[in-house]
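Here the protein sequences come in this chain order: A and B.
Residue numbers for the first sequence follow my numbering, so the first one is 81 and each next one is one higher.
Residue numbers for the second sequence follow my numbering, so the first one is 17 and each next one is one higher.
For glycine and all other residues, C-beta sits at the position ideal for the given N, C-alpha and C.
Here the structure is a predicted model, which is why all the values come from computation and not from measurement.
Here is the structure we will look at.
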Amino acid sequence: MNSALRPVALIARREFASRVKGRAFVVGTLVVLLLLGVYAAVVATLASGEDTARVGVTGAAVALTGPLQRAAPTEGLSLTVVPQPDVAAGEAAVRAGDLDALVGGDAVRPRVYVESEPDAALERVIVDATTAVARDAYLVGRGVDPVGLDAAVAESGPVVVSAEPPDPQAGQRLGLGLAGAFLLFFSIQTYGAMVAQGVVEEKASRVVEIVLSSVRPWQLLLGKVLGLGAVGLLQLVVLGGAGLAVAGAAGVLSGGAGLVSTVVSVVVWYLLGFALYATVFAAAGSLVSRQEDTQSVLSPITITVLLGFVVGFNLLTSDPRGTAITVISLLPPFSPLFMPARIALGVAPVGQVVLAFALTIAFTAAVLALGGRIYANSVLRTGARVSFREAWGRARP
Amino acid sequence: MLEIDGVSKRFGSTVALDGMTLTVRPGELYGFVGANGAGKTTTMRIALGVLAADAGEVRLDGRPLDAASRRRIGYMPEERGLYPRMAVGTQLRYLAELRGRSAADARAAADRWTERLGIADRRGDEVQRLSLGNQQRVQLAAALVADPDVLVLDEPFSGLDPLAVDVMSDVLRERRDAGAPVVFSSHQLELVERLCDRVGIVRAGRAVAEGTVEELRDASAPELLVVAPHATPGWADALPGVDGTRLTHQGTVLTLGDPSDATLTTVLDAARRTGPVLEFRRLRPPLSEIYRDTVADTRPPAPSEAPGAAA
């Protein structure tokens, strides 16, 4: 192996081994998996929570049974109609919570007894049913067959021809895109901060002086970023893979739908985004000598990323084709977070993807040069926090 | 041969090194002494490439040091440091491999040095679980594990128990006997005097004296002890060739400005005139005294120079 790269590989291997072997990694991954599972379960329950209602009928209103059952599906309501022996028994059942409503009296102007106020969907169903009864009675009175009218009406309606048919898998694409954006954000924040902590730990324990008497600062920095980046990638693959497996098993996700290309683009953008952020985090970490001071230099970075993420995430869900999210996804520090989501949504023209990629690579190169210099200048300075000007000033040979 | 040639270094307005020059020959144990802030640590850091010099050059076997030749130097920094959560054996193997050893060599060397330094049974333990003394041994093993051709050790004896001092001394002698240039700094001057083939004394970023302890002794103002019980105080004050006298519990100590035979004869004659002379001999000042005199003699040339420059 190239003599300049062997130390890099050794350092990367050490960083990888010391993190993956640690219990924190396994436990942390499991906890995140568990949280994601709980979140998915809650969302699934909410989504599949179809409305069901129980309605009692009594007296003349029993005639509404058929119209009620026909009207319910058009309102997305699953309805059970329960005949009641009399009004008193029905009202008691409503008060006991066994029925959502009791419909009694006249079939056209029934009296509806409810606990407090009727559910909106249920009220519409009842209105539809009374309308149908009244209309049928009116039509029959004038010698028109209501069934024939219904059949004729059922045949009517426009035929929509769209220039760009909506993607039947749009929901799935949005889900994939958002999950990708979230995983990227999570990995970059977590493992970027880990790079900074590693840098500070080496400074705090002074071992950095021994290491730097053997290797150059850029080799140490590169090895660290590669090693921890690989750990982050491993976790990303574990979490992403588990998510896809669960979604597939639950039938939320069908193959195809740009699944493979989404996974590939998430991984590629992760690598780029990680290189970018890890360097920034490492340079920031090299400015301080004690773990207690780490947070103070990391906060400006994490807050910037967090704000960008929150704004971008909202834009992505509300208006994925809008100008604002287009601009954000083209800005290098945020491209890695949102470009893969826009690609998954199929709303990113190839030109924009190429532009964002080129901009991010250029930006990352600049950050590597700047961050590498700050790191090399500061990593051996112990004691007080190194000011940015000092860190930038003197360069090592 | 390790040569430090005219190395200068400033930290802001503070001069840390001002044309530091010294040479450590192969098979030589070199003691590096000086007050805190005199520039010992800065010199060693520059030799290891951990700091960049403003001027001057460090050469190993005649060639300027580069990244590859620096890996041949075993280094023990003044600020001790190891990965606290890494096991002793893994850590030593890692450091050896970073300095270019193969995995097999690194394993063998880690086993050998932990055995030698009496920490073989702690190989699997995290460094932070070891006592401070054992951590020091691991630190020494870290300096030796890559089988270096040169040793540069900053205060290797500080914090060691007497047994560990013996082990350390043995190891240093052994490396010296194997032909390696070995340089270490220390404030324990008796130890330096006992151990070192040559000594360099630094003051305010500059080597002010260099040589064997004997050479330094010869270079320092010669002193003479005269025990003449009946002599009256001041008996030797006006003698030609005598710069000063002082009374000690042993007798009169004369500092000779001119240690020639004529002066010695004059002094002996004067002493005999006072009565019996019980003792008349050249004093062999210990290194600590030479050091004190050397450091006191050499004033910094520029009064603006900050004392106690950052090490």
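Neighbourhood of V100(A) by C-beta distance below 8 Å, restricted to the same chain and skipping five residues each side: V311, L314
Three-state class that DSSP yields for M92(B) in the structure shown: strand
Contact between the stretch 338-345 of chain A and the stretch 256-267 of chain A (3+ Cβ pairs under 8 Å): yes
Neighbourhood of S341(A) by C-beta, 7 Å cutoff - its chain only, sequence neighbours within 5 removed: none
Bridge partners - E73(B), DSSP secondary structure assignment: D21(B)
S294(A) and G97(B) closer than 9 Å at C-beta: no
Beta-carbon proximity check, G392(A) vs I405(A), cutoff 9 Å: yes
Simplified DSSP state of V344(A), which is helix, strand or coil: helix
Supposed contact pair V161(A) and V137(A) - C-beta distance, whole angstroms, cut 8 Å: 6 Å
Neighbourhood of V188(A) by C-beta distance below 8 Å, restricted to the same chain and skipping five residues each side: T210, V213, A214, A217
Y91(B): contacting residues in chain A (beta-carbon distance under 7 Å): I290, S293
Beta-carbon contacts of A442(A) that lie in its chain and below 8 Å, excluding the five residues immediately before and after: P412
Proximal residues to R191(B) (C-beta, below 7 Å), its chain only, five neighbours per side dropped: L167, V198
DSSP three-state assignment for V259(B), whether helix, strand or coil: It is worth fixing the name first, because residue 259(B) is Asp in this sequence and not Val. Reduced to three states, the DSSP call for D259(B) is strand.
Counterpart residues of L169(B) in DSSP-defined beta bridges: M92(B), F200(B)
Length-filtered (3 minimum) beta strand (DSSP E) runs lying within the stretch 155-243 of chain A: 157-163, 181-184, 191-194
Short Cβ contact (9 Å threshold) for A103(B) with V143(B): yes
Residue nearest to R61(B) in terms of C-alpha spacing, selected from V31(B), V74(B), N52(B): V74(B)
Between the CA atoms of L378(A) and A364(A) - distance to the nearest angstrom: 7 Å
Exposed unless 16 or more other CB atoms sit within 10 angstroms - verdict on L179(B): exposed
Neighbourhood of E321(B) by C-beta distance below 7 Å, restricted to the same chain and skipping five residues each side: Since pLDDT at E321(B) reaches only 40, below the 50 mark, its modelled position is unreliable, and the value read off the structure follows with that caveat. Hits under 7 Å: V31, A220.
Short CB-CB distance (under 9 Å) between E282(A) and chain B: yes
Per-residue DSSP class, three states only, for R41(B): coil
Start-to-end residues for the beta strand (DSSP E) that takes in E239(B): 239-243
Helix, strand or coil at Y99(B) [DSSP, three-state]: coil
The stretch 124-133 of chain B / the stretch 202-222 of chain B touching (three or more Cβ pairs under 8 Å): no
Any chain A beta carbon closer than 9 Å to V181(B): no
Beta carbon proximity, A66(B) to chain A, threshold 9 Å: Strictly speaking, residue 66(B) in this sequence is Val, with Ala absent from that position. Chain A, which has a Cβ nearer than 9 Å to the Cβ of V66(B), makes this yes.
Nearest residue (CA-CA) to F265(A), options A358(A), W298(A), V239(A): A358(A)
Cβ-based contacts, 7 Å cut-off: residues of the stretch 108-119 of chain B near chain A: Y110, L111, E113, L114, R115
Continuous beta strand (DSSP E) assignments of at least 3 residues falling wholly in the stretch 199-228 of chain B: 214-219, 222-227
Per-residue burial, A475(A) [other beta carbons within 10 Å of its own, 16 or more giving buried]: Bear in mind that the predicted position of A475(A) carries a pLDDT of just 44, short of 50, making it too unreliable to give a figure here.
Proximal residues of chain A, C-beta to C-beta of R86(B) below 8 Å: S293, S294
V368(A) (DSSP reduced to helix, strand or coil): coil
Residue span of the beta strand (DSSP E) that contains E295(B), given as start and end: 295-298
K56(B) to V459(A) span [Cα, whole Å]: 21 Å
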